[in-house]
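Enquirer: Residue numbers (my numbering), protein chains in the order written: chain S, 1 to 296; chain A, 297 to 592. Supplied in structure tokens, the structure appears directly below.
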């Protein structure tokens, strides 16, 4: 008993230490669970019942959710009208499909673009064509910013080259810089000055209802990418060239430069024009049909 | 002292309880920090220096990373060859751009597809056209699975309708089911049986080097979506119809049914055929050019 009595202050001290440890670990655990709650919330908000295979992180807004057949929410109020298409005889159909393939098969990503002017009406029409793309719930979540002002083009070039240089020197691993060196690629993008038009394609990650509530733009990235596919076909169809670029880390600065609202994020930048006289392309081949198509 | 002596067993008991609490909270905190580490790893792996605006969650493989101008890694070994395009006179260029827009502007998402046969050669050519799409680092990360076998089409329908019904009854909120009810949409998708061809477009989320190491497929979802845009244009160009669908939660089951490898994930399903005689479409309008284009 004497030993216990002697130990009592020691026990009291031990209790104090244990209490401090508990409080600290509670705090940590709380902070860390706040963190993981945050992550969980993000995960839960991102459509728990939606196919995880689809990576398009549509910004989800409360009490709305993804849909699979891209049907418009407002279709209920619309009249349904009979639909017909121009019907081609089979031979013509086969020919049309062949000619369309042959036209598009001449498309290449071209990094040498001449400064020759291009009619604005052509640019308008290719963007009109891109605007016929389907979109999740017919939200048409795209903005095509056409830059023809030389000063703005140059500012865009400065932003992109600056970020690219940082990418080179800071953000990329050494191996990657080496890989790129072999490619003779660098951060100088002359075509951003020379191309008569730069088309910057923004995806609207959400929309706004008339009462200012946020409106979900289902599959906005996929939708805008589809529209870009149609845009590329339209560019090829008129004999112009471009190169598909996704300027790394430049989106926010370009958005501010072009005064786009916060719900728009840069998806792609396409310089558009004629190829310059000395344009070259690497002698790439495409996969043959049997490597990309499987018939069941 | 007597009081302390009396309290000693109590203190000992308190210490035991505190130790148990500490152990438990350590355990929790460990689990939770493991969780948040996992989340952090995911975040860190997803290209810390890559533009966060781009949501395409390319599966990243060690010591490779995103790139901005989609240049091919193997271009270094390729000869660079002169590049020219067919050059149209300005008037013809304007006309071509206008006609292409008018052709695509007749495209609508059609959910009523006739069972009339369509020449396979046409399907081959529209997929060839889609295969001309640009892709991150020229990885061509797409597989087009063409289903013409009636039994397989029916199995696909069963999978999709089953999942859809679950979506209806379990995964969707009540509000959303109500919204859909107004749309007269349900989970019955007759076109999956009637369309002569279903094209299921898979994105290859990574590739394989010859030595079986994983190969990063940069921007694979954006690339495959662009290819789908070109495919939609090619379908429209031959007078066929389709509807853009992204079957919710069906990807894994459809992948297994169609015996696709694990690096392929379903992006889209397009039923392709002629419209049925009684086909209708909602009387939707598209945004005018001034609502989608900004000129700087």
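Cβ atoms here follow ideal geometry from the backbone N, Cα and C, with glycine treated the same way.
Within a Cβ cutoff of 6 Å, which residues of the same chain sit near residue 546 of chain A, ignoring the five residues on either side of it in sequence?
Expert: For residue 546 of chain A, where only same-chain residues beyond five positions count, the Cβ hits under 6 Å are 455, 456, 459.
Enquirer: Excluding five sequence neighbours on each side, which residues of the same chain lie with their C-beta closer than 8 Å to the C-beta of residue 43 of chain S?
Expert: Because residue 43 of chain S carries a pLDDT of 33, less than 50, the predicted location of this residue cannot be relied on, and no value is offered for it.
Enquirer: To the nearest angstrom, report how far apart residue 274 of chain S and residue 429 of chain A are at their CA atoms.
Expert: Straight-line Cα distance between these residues: approximately 19 Å.
Enquirer: Checking contacts by CB at 7 Å: is residue 285 of chain S closer than that to chain A?
Expert: Output row for residue 285 of chain S: interface = no.
Enquirer: CB-CB under 6 Å to residue 404 of chain A, same chain, minus the five flanking residues each way: which ones, in chain order?
Expert: Excluding positions up to five away in sequence, the list reads 577.
Enquirer: Of the choices S:131, S:113, S:23, S:12, whose alpha-carbon is the least far from that of residue 231 of chain S?
Expert: When only C-alpha atoms are compared, the closest one is S:131.
Enquirer: Hey, residue 226 of chain S and residue 503 of chain A: beta-carbon distance below 7 Å or not?
Expert: Taking 7 Å as the Cβ cut-off, residue 226 of chain S and residue 503 of chain A do not qualify as a contacting pair.
Enquirer: Just list the residues that DSSP pairs residue 376 of chain A with in beta bridges.
Expert: Paired residues: S:282.
Enquirer: Examine chain S for any beta-carbon lying closer than 7 Å to the beta-carbon of residue 550 of chain A, and answer yes or no.
Expert: No, because no Cβ of chain S sits closer than 7 Å to the Cβ of residue 550 of chain A.
Enquirer: Taking only beta carbons into account, state which residues of the region 82-103 of chain S come closer than 8 Å to chain A, listed in chain order.
Expert: Flagged, chain order: 82, 83, 84, 85, 86, 87, 88, 90, 93, 94, 96, 97, 98, 100, 101.
Enquirer: Where does the unbroken alpha helix (DSSP H) through residue 396 of chain A begin, and where does it stop?
Expert: Residues 386-401.
Enquirer: Using a C-beta cutoff of 7 Å, does residue 529 of chain A count as contacting chain S?
Expert: So, interface residue.
Enquirer: Buried or exposed: residue 533 of chain A, going by 16 or more other Cβ atoms within 10 Å of its Cβ?
Expert: The residue in question, residue 533 of chain A, is buried, as its Cβ has 16 or more Cβ neighbours within 10 Å.
Enquirer: When you compare the CB positions of residue 94 of chain S and residue 415 of chain A, do they come within less than 7 Å of one another, or not?
Expert: It is a contact, given that the beta carbons lie within the stated cut-off.
Enquirer: If you draw a straight line from the alpha carbon of residue 123 of chain S to that of residue 446 of chain A, how long is it in whole angstroms?
Expert: Looking at the two C-alpha atoms, the distance is approximately 44 Å.
Enquirer: Under a CB-based cut-off of 7 Å, is residue 505 of chain A close to chain S?
Expert: No - not a single Cβ of chain S is within 7 Å of the one on residue 505 of chain A.
Enquirer: Put residue 297 of chain A into one of helix, strand or coil per three-state DSSP.
Expert: The predicted position of residue 297 of chain A is uncertain, since its pLDDT is 49 and thus under 50; a value taken from the coordinates is nonetheless stated next. Here residue 297 of chain A sits in coil by DSSP.
Enquirer: Return the CA-CA distance between residue 555 of chain A and residue 411 of chain A, expressed in angstroms with no decimal places.
Expert: About 25 Å.
Enquirer: If we ignore side chains and look at the alpha-carbon of each, how far apart do residue 594 of chain A and residue 535 of chain A end up?
Expert: What the structure shows of chain A is the stretch from 297 to 592, and residue 594 of chain A is not part of that stretch, so it cannot be assessed.
Enquirer: When you compare only the Cα positions, how much space is there between residue 348 of chain A and residue 248 of chain S?
Expert: Bear in mind that a pLDDT of 37 at residue 348 of chain A, under 50, signals an unreliable position, so the number given afterwards is only what the model happens to contain. Looking at the two C-alpha atoms, the distance is approximately 9 Å.
Enquirer: At the level of alpha carbons, what is the spacing between residue 374 of chain A and residue 431 of chain A?
Expert: Their backbone Cα atoms lie some 17 Å apart in a straight line.
Enquirer: Return the first residue and the last residue of the alpha helix (DSSP H) that residue 191 of chain S is part of.
Expert: 191-194 is the span of the alpha helix (DSSP H), which, as asked, contains residue 191 of chain S.
Enquirer: What residue range is occupied by the uninterrupted alpha helix (DSSP H) comprising residue 113 of chain S?
Expert: Element bounds for residue 113 of chain S: n/a, residue is neither H nor E.
Enquirer: Anything in chain S within Cβ reach of residue 445 of chain A, meaning under 7 Å, just list it in chain order.
Expert: Simply 296.
Enquirer: Can you tell me which of S:278, S:218, S:241 puts its alpha carbon nearest to the alpha carbon of residue 384 of chain A?
Expert: Nearest of S:278, S:218, S:241 to residue 384 of chain A, Cα basis: S:241.
Enquirer: Which residues in the same chain have their Cβ closer than 7 Å to the Cβ of residue 271 of chain S, if we skip the five residues on either side of it in sequence?
Expert: Closer than 7 Å at Cβ, skipping near neighbours: 113, 191, 192, 195, 198, 242, 243.
Enquirer: Is it the case that the Cβ atoms of residue 146 of chain S and residue 406 of chain A are separated by a distance below 7 Å?
Expert: No. Outside cutoff.
Enquirer: Just to check my reading of the structure: residue 553 of chain A and residue 449 of chain A have Cβ atoms closer than 8 Å, yes? What is that Cβ distance to the nearest angstrom?
Expert: Not confirmed; about 11 Å, so no contact.
Enquirer: With a floor of 3 residues, list each beta strand (DSSP E) that falls wholly inside the region 248-282 of chain S, ordered by position along the chain.
Expert: Listed in chain order, they are 264-272, 280-282.
Enquirer: Quick check on residue 452 of chain A - is its C-beta less than 7 Å from some C-beta in chain S?
Expert: No, no contact with chain S.
Enquirer: Is there a Cβ from chain A that is less than 7 Å from the Cβ of residue 213 of chain S?
Expert: Closer than 7 Å: no.
Enquirer: Should residue 217 of chain S be labelled buried (16 or more other beta-carbon atoms within 10 Å of its own) or exposed?
Expert: Burial call: buried.
Enquirer: Pull up the distance between the alpha-carbon of residue 209 of chain S and that of residue 580 of chain A, whole angstroms please.
Expert: Straight-line Cα distance between these residues: approximately 18 Å.
Enquirer: From residue 563 of chain A to residue 548 of chain A, what distance separates their C-alpha atoms?
Expert: Rounded to the nearest angstrom, the two C-alpha atoms are 11 Å apart.
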